[in-house]
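Peer 1: Pasting a structure here, questions to come.
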Amino acid sequence: MNTLNSSTAPAAGEYAGDEVSAIVLDPGYSTIRAGFAGEDVPKSVCPSFYGQIEDSSQYLFGENAIHTPASNLQIKNYWGSDGIVEDWDTAAKVWEYAITSRLTGARAGDPARNGLNDDPKQENGEATDVDMETIENQEKPLEESPLLMTEPGWNPTKAREKAIEIAMEEWGTPAFYLQKTGVLAAFASGKASGIIIDVGASHTSVTPVLDGMVLKKGVQKSPLAGNFVSNQIRLGFKQSQPEIPLTPHYLVKSKTPVDAGSPAQAIYKTFSVPPTDSFRHYQEERVLTEYKESVVEIWPGPGRLSNGTNEEIAKSMPGRPFEMPDGWNQVFGVDRFRAAEGLFDASAALTDDANPRPKDEHTLPRLVQAAVQHVDADQRPLLLQNIVVTGGSTLLYKFGDRLNYEINAIYPSTRNKLIAPGPVVERKYAAWIGGSILASLGSFHQLWISRKEYEEHGANIVEKRCR
Amino acid sequence: MASGRDVRDMLGLPMGVDAQKSAVQKRAKAAAPVRRIQGVAREVAALYGERPPPVAVYEEKKAYRAKRQNQGPAKKWVQQPFVNQARVDGLILKHWRRKPTIAPPVQDGEDAPMEEGDNVEPYIENSGDFLKYSIQVDLPTFTDEEYDAYLRSDDWSREETDYLFEVVKDYSYRWAVIWDRYDYQPANKSHLTQETVNGDASQALATLPFAPPKQRTVEDLKARFYHISAKLMKLRIPEMQMDAEQYTLYETLSKFNPELEGNRKLLAAALMNRSMDEVKEEEFLLAELQRINMAANRLDAEREELRARLEHPSANQQVSAGLASFTSSQALQALFSQLFAQDRSKKRASGGATGPSRISLNTNDLIQTPSSANAQLSAAARRQSMATNQSAQTPVRTLSPQQEYRYNVSTHDRLTSGVTFGSDKLLKMRQAKSNVQTQKIAAALAELGVSEVISLPTIKVAEVFEQLIGKVGKLLDVRKVREKEEGESRVLEQMKQRRSSEVQNGDASMSNGTSVEPQAKHEVPDSQEQTPGLDGEGEADDDDNDNDGDGDAHGDGDGEVDADAEGEEDDEDAEGEEDSRVPSETLSRAASTAHKRSASVLSQGSIQSSKRARK
Ligand SMILES: Nc1ncnc2c1ncn2[C@@H]1O[C@H](COP(=O)(O)OP(=O)(O)OP(=O)(O)O)[C@@H](O)[C@H]1O
Ligand SMILES: [Mg+2]
Numbered sequence: 000m001n002t003l004n005s006s007t008a009p010a011a012g013e014y015a016g017d018e019v020s021a022i023v024l025d026p027g028y029s030t031i032r033a034g035f036a037g038e039d040v041p042k043s044v045c046p047s048f049y050g051q052i053e054d055s056s057q058y059l060f061g062e063n064a065i066h067t068p069a070s071n072l073q074i075k076n077y078w079g080s081d082g083i084v085e086d087w088d089t090a091a092k093v094w095e096y097a098i099t100s101r102l103t104g105a106r107a108g109d110p111a112r113n114g115l116n117d118d119p120k121q122e123n124g125e126a127t128d129v130d131m132e133t134i135e136n137q138e139k140p141l142e143e144s145p146l147l148m149t150e151p152g153w154n155p156t157k158a159r160e161k162a163i164e165i166a167m168e169e170w171g172t173p174a175f176y177l178q179k180t181g182v183l184a185a186f187a188s189g190k191a192s193g194i195i196i197d198v199g200a201s202h203t204s205v206t207p208v209l210d211g212m213v214l215k216k217g218v219q220k221s222p223l224a225g226n227f228v229s230n231q232i233r234l235g236f237k238q239s240q241p242e243i244p245l246t247p248h249y250l251v252k253s254k255t256p257v258d259a260g261s262p263a264q265a266i267y268k269t270f271s272v273p274p275t276d277s278f279r280h281y282q283e284e285r286v287l288t289e290y291k292e293s294v295v296e297i298w299p300g301p302g303r304l305s306n307g308t309n310e311e312i313a314k315s316m317p318g319r320p321f322e323m324p325d326g327w328n329q330v331f332g333v334d335r336f337r338a339a340e341g342l343f344d345a346s347a348a349l350t351d352d353a354n355p356r357p358k359d360e361h362t363l364p365r366l367v368q369a370a371v372q373h374v375d376a377d378q379r380p381l382l383l384q385n386i387v388v389t390g391g392s393t394l395l396y397k398f399g400d401r402l403n404y405e406i407n408a409i410y411p412s413t414r415n416k417l418i419a420p421g422p423v424v425e426r427k428y429a430a431w432i433g434g435s436i437l438a439s440l441g442s443f444h445q446l447w448i449s450r451k452e453y454e455e456h457g458a459n460i461v462e463k464r465c466r
Numbered sequence: 000m001a002s003g004r005d006v007r008d009m010l011g012l013p014m015g016v017d018a019q020k021s022a023v024q025k026r027a028k029a030a031a032p033v034r035r036i037q038g039v040a041r042e043v044a045a046l047y048g049e050r051p052p053p054v055a056v057y058e059e060k061k062a063y064r065a066k067r068q069n070q071g072p073a074k075k076w077v078q079q080p081f082v083n084q085a086r087v088d089g090l091i092l093k094h095w096r097r098k099p100t101i102a103p104p105v106q107d108g109e110d111a112p113m114e115e116g117d118n119v120e121p122y123i124e125n126s127g128d129f130l131k132y133s134i135q136v137d138l139p140t141f142t143d144e145e146y147d148a149y150l151r152s153d154d155w156s157r158e159e160t161d162y163l164f165e166v167v168k169d170y171s172y173r174w175a176v177i178w179d180r181y182d183y184q185p186a187n188k189s190h191l192t193q194e195t196v197n198g199d200a201s202q203a204l205a206t207l208p209f210a211p212p213k214q215r216t217v218e219d220l221k222a223r224f225y226h227i228s229a230k231l232m233k234l235r236i237p238e239m240q241m242d243a244e245q246y247t248l249y250e251t252l253s254k255f256n257p258e259l260e261g262n263r264k265l266l267a268a269a270l271m272n273r274s275m276d277e278v279k280e281e282e283f284l285l286a287e288l289q290r291i292n293m294a295a296n297r298l299d300a301e302r303e304e305l306r307a308r309l310e311h312p313s314a315n316q317q318v319s320a321g322l323a324s325f326t327s328s329q330a331l332q333a334l335f336s337q338l339f340a341q342d343r344s345k346k347r348a349s350g351g352a353t354g355p356s357r358i359s360l361n362t363n364d365l366i367q368t369p370s371s372a373n374a375q376l377s378a379a380a381r382r383q384s385m386a387t388n389q390s391a392q393t394p395v396r397t398l399s400p401q402q403e404y405r406y407n408v409s410t411h412d413r414l415t416s417g418v419t420f421g422s423d424k425l426l427k428m429r430q431a432k433s434n435v436q437t438q439k440i441a442a443a444l445a446e447l448g449v450s451e452v453i454s455l456p457t458i459k460v461a462e463v464f465e466q467l468i469g470k471v472g473k474l475l476d477v478r479k480v481r482e483k484e485e486g487e488s489r490v491l492e493q494m495k496q497r498r499s500s501e502v503q504n505g506d507a508s509m510s511n512g513t514s515v516e517p518q519a520k521h522e523v524p525d526s527q528e529q530t531p532g533l534d535g536e537g538e539a540d541d542d543d544n545d546n547d548g549d550g551d552a553h554g555d556g557d558g559e560v561d562a563d564a565e566g567e568e569d570d571e572d573a574e575g576e577e578d579s580r581v582p583s584e585t586l587s588r589a590a591s592t593a594h595k596r597s598a599s600v601l602s603q604g605s606i607q608s609s610k611r612a613r614k
């Protein structure tokens with residue numbers, strides 16, 4: 000076997016990327032990340048939720064458009080429950096919006112008229128506006144840029160073919176490639192092998208990666224992720240005595256401060272036609288995310304929250320205050336530990352009729368165990384030395400500590416190492432960053448699926464080329 | 000964030016010097032206390048608490064910036080279209096390149112040949128920069144004939160073998176990945192329909208194996224692949240013509256044992272899946288084992304020391320101890336010459352007839368050892384150099400021990416030059432290393448009634464005297480040890496008494512049994528030897544010597560001593576008895592009485608003290 004000579008150091012510039020202004024697109028359940036390869040953060044992060052005016056085909060995309068209460072505005076998401084795109088038509092539109100709104104923009108025209116040389120004051124605002132017209136005007140938005148897209152580890156062939164079809168046919172990209180989020184997240188941490196634990200919004204996945212290739216048999220996924228935690232918080236609010244009111248921002252006109260635990264004194268807005276339930280739900284979700292960010296804490300171990308005196312210890316820890324948009328506020332004690340305990344311990348999850356007890360095999364420790372079990376025995380220690388933690392929900396306070404404890408409890412005899420990048424951006428956008436690295440490498444150019452190849456072999460070429 | 004280091008890591012290349020540097024820097028950074036976010040008021044920063052802020056905060060650093068070099072007009076850059084040589088489809092992508100201002104000399108490199116003027120048809124660069132990363136794997140190939148002739152297998156169809164080779168190629172010998180992706184479908188429907196479009200279906204069906212797809216393990220895959228590789232290798236290069244490297248490769252390929260590998264993996268997995276308890280238990284057991292080993296070593300060392308003190312090398316021990324004693328080359332040489340001499344004398348006796356009467360050694364045998372040369376030489380030069388050559392004293396006629404005794408003939412290992420008096424030898428024996436010891440020996444001898452000057456210092460007398468001196472030395476040693484032990488036991492005794500007086504008389508009967516415990520803690524390894532009495536060690540040694548003394552005068556019935564020697568039957572006792580019987584009768588009578596007396600005198604103290612201790 001001939002490999003590169005590993006004993007000589009590479010010359011300077013040998014790895015300097017060779018950027019071809021490729022675009023990296025990392026769609027997720029909560030947000031879509033898009034940006035140019037070679038940059039270190041995605042320039043365009045836009046919600047996967049979109050608005051649709053009922054009984055019309057008018058879509059609203061982007062952060063600014065979907066938070067304004069309007070009558071008949073339905074908030075939807077094109078994702079299916081298991082991390083596979085369900086509504087391809089809209090998906091393509093939202094993705095296109097994510098790309099064109101901030102990255103490619105309008106075609107470069109005459110410099111005198113393209114707006115770039117105008118008075119800077121008038122220049123703003125254009126980017127985020129939902130201007131379907133300009134998008135439609137452009138024939139093919141990606142004619143200039145190769146596109147690297149991410150996909151979950153269990154993406155079915157159909158979905159993969161659909162992705163290349165959209166990129167080639169609708170966007171006219173000259174070259175395309177699909178890579179798994181797990182591999183890219185590992186790349187972002189500088190690892191070619193490892194176990195990638197990605198706790199996103201709709202699902203959690205554990206992906207063993209060896210030399211930049213996903214070990215498909217080991218890929219595990221579960222629905223216990225950010226949305227599950229949000230639901231747990233909702234349940235907790237509902238089940239607490241008295242019930243904790245959850246009022247989203249858009250309902251509140253003004254508020255006055257009140258004491259902890261006492262009813263809110265706020266003036267609420269009134270709507271002639273109240274916004275739809277889906278709108279309210281989405282807005283509530285924003286409050287919950289805020290709550291997740293600032294209050295929810297994970298019992299760091301040792302042991303589970305329900306073990307022995309752990310709950311007592313948790314009770315004795317100082318609480319954390321949280322104020323709802325309408326001014327209602329309280330200090331949350333042990334309850335804040337319960338919201339996310341279900342990620343690790345199914346029996347600790349809050350349940351009701353609509354939310355059955357999660358399955359044991361969907362908890363994180365079990366997922367990791369199952370993933371490792373499906374890997375060749377020789378590679379297991381190597382993988383356990385590189386456990387990459389990524390995804391927005393891993394930002395839950397003390398998540399890393401608990402995960403570390405759980406993994407060491409399962410594999411006490413190996414050296415287990417968690418790689419959890421500190422900066423928020425790297426955690427949330429790891430897959431995109433990995434894609435950015437990959438697509439800017441000169442050595443990656445030969446992997447692109449070119450338009451010519453696509454036309455020759457058809458959409459099924461992704462199966463052969465993007466393994 | 001991703002840096003050159005990450006890229007290097009990803010591609011499995013070594014970290015350069017700068018990579019190490021950056022690693023060091025990183026560590027230093029990580030070790031630094033909580034990073035202060037600049038540009039945010041301290042009070043605001045405090046609100047974040049220990050969590051990372053939910054929104055990424057970017058610092059506007061007033062970092063050093065290199066001064067802009069302003070040399071001439073701005074350089075122009077162009078989006079240069081290029082084709083990658085590693086691709087076959089001629090995909091044209093664009094990357095940014097400096098636009099050359101003047102026609103550059105023709106050189107190899109990406110932006111080398113550049114047309115002058117902008118309006119000439121766009122130049123497309125031919126980039127081969129990254130060609131070196133386009134690596135194809137080497138795979139053994141075979142023809143259909145070869146397959147039919149050598150590579151057939153009951154377990155593997157030709158189709159599956161081909162599939163295996165394809166997968167190995169696709170995943171570049173990464174077996175874990177190959178196994179993960181290995182998914183051979185012999186009767187793949189889509190495959191079938193494609194294939195049978197022009198052929199007739201029944202024929203296609205007939206050729207397809209109908210066995211359900213097997214679950215192959217990594218070992219199965221490897222075994223098949225290695226087997227084929229080895230066979231092909233042998234076909235291409237006959238075994239004899241392989242160079243070392245090829246041969247080792249061939250060896251490893253052909254010696255692959257899937258079962259062994261499988262078992263090894265099972266064990267590895269089992270090792271990894273141990274529970275916390277098992278891991279802890281193993282750690283505990285290992286620590287325990289180490290502890291036991293250390294204790295055993297210590298015990299051995301102590302025993303060794305004791306033995307060294309007790310043992311005295313007896314003159315003819317080697318011969319009696321059998322072959323095991325012939326460890327030194329000298330001893331071996333002596334044996335050889337002895338046997339050689341026997342051989343020779345036998346030969347002479349039987350009139351030179353060799354064969355059956357030969358004892359086992361001839362010169363050829365002797366050649367094997369380094370001493371054999373010596374022996375041969377000595378055999379040749381025996382007559383001339385009898386005095387100087389140590390092994391050359393083989394007498395012309397062997398004397399029986401009785402005869403030797405009778406004629407007072409002796410054989411020596413080594414003769415010192417010159418003439419010595421036997422009495423000098425005896426005198427020398429009285430001297431010990433230290434003055435005190437010499438005096439003690441003298442005192443002991445005086446007590447035994449051995450006069451300063453022995454009137455008839457024959458060899459036998461010297462021998463017996465030597466043994467006597469040896470025993471006296473041993474005795475003195477033992478006494479020293481015993482005194483030490485006694486002192487210790489006295490201290491412990493006092494401790495015990497003090498404790499028992501504290502504990503009160505109520506459980507005094509109990510304390511007898513338990514009193515050993517604190518002692519046992521002090522000297523765990525000794526505890527066994529101590530069981531018969533509190534100062535068993537000293538006592539036993541005494542008995543040993545007592546018995547030596549008694550050996551010849553057994554009938555006397557030394558009541559005192561015997562009473563103490565109850566149940567003490569050591570090897571050493573027996574040996575001592577034998578030893579003491581060897582000396583001739585000339586001295587024995589005098590010695591035995593003296594012995595007895597001395598023994599009783601010496602043991603008196605111990606008896607008293609041990610009796611004290613027992614109460
Ligand atoms: N600081 C935080 N603490 C806790 N949870 C957070 C934090 N920030 C984001 N989240 C949660 O993380 C989730 C979004 O994570 P991420 O962007 O990785 O998901 P995604 O990739 O869009 O979804 P998926 O991977 O399921 O397709 C949301 O549920 C959000 O509530
Ligand atoms: Mg994700």
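Chains A and B supply the protein sequences, listed in that same order. If you use numbering that gives the first Met the number 0, the first sequence corresponds to residues 0 to 466, in order. If you use numbering that gives the first Met the number 0, the second sequence corresponds to residues 0 to 614, in order. Glycine included, C-beta positions come from ideal geometry on N, C-alpha and C.
#1: Confirm, please, whether the CB-CB distance from Val330 (chain A) to Arg337 (chain A) is below 8 Å.
#2: Between the Cα of Arg365 (chain A) and the Cα atoms of A:Ser305, A:Ser261, A:Gly225 and A:Leu402, which residue gives the shortest distance?
#3: Compute the Euclidean distance between the alpha carbons of Tyr162 (chain B) and Tyr181 (chain B), then round it to the nearest angstrom.
#4: So that I know if they touch, is there some Cβ in chain A lying closer than 8 Å to that of Val217 (chain B)?
#5: With respect to 7 Å, is the separation between the Cβ of Asp197 (chain A) and the closest non-hydrogen atom of ligand 2 below this value?
#6: Any heavy atom of ligand 3 closer than 7 Å to the Cβ of Ala430 (chain A)?
#7: Please state whether DSSP places Ala33 (chain A) in a helix, a strand or coil.
#8: What is the residue span of the alpha helix (DSSP H) that His94 (chain B) lies within?
#9: What residues are listed by DSSP as bridge partners for Gln220 (chain A)?
#10: For Ala167 (chain A), which three-state DSSP category applies?
#11: Consider the C-beta atom of Thr203 (chain A) and the heavy atoms of ligand 2; say whether any pair is separated by less than 7 Å.
#12: Starting from the Cα of Thr172 (chain A), find the closest Cα among A:Val272, A:Ala200 and A:Leu141 and give me that residue.
#13: Examine ligand 1 and report whether any of its heavy atoms sits within less than 7 Å of the Cβ of Ser188 (chain A).
#14: Less than 8 Å between the C-beta atoms of Val23 (chain A) and Ser442 (chain A), yes or no?
#15: Please indicate yes or no: does the CB of Leu395 (chain A) lie closer than 7 Å to some heavy atom of ligand 1?
#16: Please confirm whether His226 (chain B) has its beta-carbon closer than 8 Å to some beta-carbon of chain A.
#17: Which bits of chain B does Trp170 (chain A) rub up against, with CB to CB less than 7 Å?
#18: Lys93 (chain B) CB to nearest chain A CB: under 8 Å?
#19: Closer than 7 Å by beta-carbon distance: list the chain B residues that pair up with Trp153 (chain A), in chain order.
#20: Say yes only if the C-beta of Ala90 (chain A) is nearer than 7 Å to one or more non-hydrogen atoms of ligand 1, and no if none qualify.
#21: So which residues of chain A does Met241 (chain B) contact, with C-beta pairs closer than 8 Å?
#22: On the three-state DSSP scale, how would you describe Asp154 (chain B)?
Peer 2: The relevant details are as follows:
#1: no
#2: A:Leu402
#3: 9 Å
#4: yes
#5: yes
#6: Absence of ligand 3 from the depicted structure is noted, with ligand 1 and ligand 2 being the only ligands included.
#7: strand
#8: Segment Ile91 to Arg97 is the beta strand (DSSP E) holding His94 (chain B); no alpha helix (DSSP H) there.
#9: The amino acid at residue 220 (chain A) is misidentified as Gln; the sequence shows Lys. In the DSSP output, where bridge partners are listed per residue, Lys220 (chain A) has A:Ser204.
#10: Contrary to the premise, residue 167 (chain A) reads as Met rather than Ala in this sequence. Here Met167 (chain A) sits in helix by DSSP.
#11: no
#12: A:Leu141
#13: no
#14: no
#15: yes
#16: no
#17: Ordered by position in chain B, no residue passes the 7 Å Cβ test against Trp170 (chain A), which lies about 16 Å from the chain.
#18: yes
#19: The premise fails here: Trp153 (chain A) is roughly 14 Å from chain B at the closest Cβ pair, so nothing lies under 7 Å.
#20: no
#21: Correct list: empty, because the minimum Cβ distance to chain A is about 18 Å.
#22: coil
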